[in-house]
Amino acid sequence: MSSPGASSGLGEAASKYFAQLGATVVLGARRAERIKHLAMEINSNGGKALAVTVDVTKREEVKGLVDSAVKEFGRVDVILNNAGIMPLSPMDRLNVDEWNKMIDVNIKGVLNGVAAVLPYMKEQNQVRSSILLLSQGIKYSLVRLFIQQLNLPFVP
Ligand SMILES: NC(=O)c1ccc[n+]([C@@H]2O[C@H](COP(=O)([O-])OP(=O)(O)OC[C@H]3O[C@@H](n4cnc5c(N)ncnc54)[C@H](OP(=O)(O)O)[C@@H]3O)[C@@H](O)[C@H]2O)c1
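Numbering-wise, the numbering used here comes out as the position in the sequence shown, counting from 1, plus 21.
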C-alpha cells in the first residue's frame, strides 16, 4: 500500500492501522525523519514498511513513491491518499496563495497519486486494487465535490 501523507495525523494513524492488519506500507511525506521513524516503529513491531520522501504536488516524486513500492514489494494494490491541508481564513482576506496551495495538495496531489498507480493497477488484478482518499477536507468543501466527480471511493 502506498500512503502519501503518512507523517502525522489521520495518515499516520491509518498507515499504522493497515500495517497492523498485515499490509505492507510505503510511507510518504515531506518530513523525512517522521516517516523514517514510523517505518522503524512498524518494522520493529513485526510489520513491513518503507519510507520515501515525497511532495505530492510534484508528479515525478509521487511516481517515485509508487515505483519504490513496486520495486521493493512487487506490486501496489492500494493507494491511500492522506496528504491534505486545510488553511482557514475569511474569503475577503484574499489569501489566494493559500487557496492555490489547497488545490495543489488536495486536488492535484490526489491526481498525481491516481496517475502514479493506475498503470500498475491496470497490469495487475484490478479486483484487488483500490484508490482511497482520506484527509481531504470538510464535508461540503469544493475539494470533496471535485473528488466526487472522479467517482473514487471517499473516506470522510
Ligand atoms: N484531523 C481531523 O479530525 C480531520 C477531520 C476531517 C478533515 N481533516 C482534514 O484532513 C487533513 C489532514 O488532517 P490531519 O489532522 O491528518 O493533518 P496533519 O497532521 O497536518 O497531516 C497532514 C499530512 O499531509 C501531509 N502533507 C501535507 N502537504 C503535503 C505535501 N505537499 N506533500 C506530501 N505530504 C503532504 C503531511 O506531511 P508533511 O507535512 O510531512 O509533508 C501530513 O502527513 C486536513 O486538511 C484537515 O483539515 C482532518
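Glycine is no exception: its CB is placed at the ideal position from the N, C-alpha and C atoms.
In this text the structure is predicted, and so the values were computed from the model without any measurement.
Under the three-state DSSP convention, the category residue i falls into
i    : result
V91  : helix
Y161 : Because the pLDDT of Y161 is 49, which lies under 50, any placement of that residue in the model is unreliable, and the number read from its coordinates should be weighed accordingly. Correct three-state label for Y161: coil.
N133 : helix
N102 : strand
S151 : strand
S36  : helix
Within-8 Å CB hit, residue i to chain B
i    : result
K122 : Looking at the structure shown, chain B is missing, and only one protein chain is on hand.
Residues near residue i in its chain [Cβ-Cβ closer than 7 Å; skip 5 each side]
i    : result
D125 : T78
E33  : A27, L59
Boundaries (first-last residue) of the beta strand (DSSP E) holding residue i
i   : result
G49 : 45–50
V73 : 69–74
C-beta contact flag for residue i and residue j at 8 Å
i    : j    : result
V137 : K84  : Going by the sequence as given, residue 137 is Ala instead of Val. It is a contact, given that the beta carbons lie within the stated cut-off.
P52  : S23  : It is Arg, not Pro, that sits at residue 52 in the sequence shown. No; because the gap between Cβ atoms is not below 8 Å, this pair is not in contact.
N102 : G67  : no
V91  : Y141 : yes
R181 : Q145 : Only positions 22 to 177 of the chain appear in the structure, and residue 181 is not among them; the question remains open.
I63  : V46  : yes
K122 : I106 : yes
Segment limits, alpha helix (DSSP H) that includes residue i
i    : result
S65  : 53–65
S28  : Element bounds for S28: n/a, residue is neither H nor E.
M123 : 117–123
Spatial neighbours of residue i in its chain, beta-carbon cut-off 6 Å, leaving aside the 5 residues before and after
i    : result
A72  : L48, I56, K57, A60
T74  : A53
V131 : N102
Neighbourhood of residue i by C-beta distance below 8 Å, restricted to the same chain and skipping five residues each side
i   : result
D76 : R51, E82
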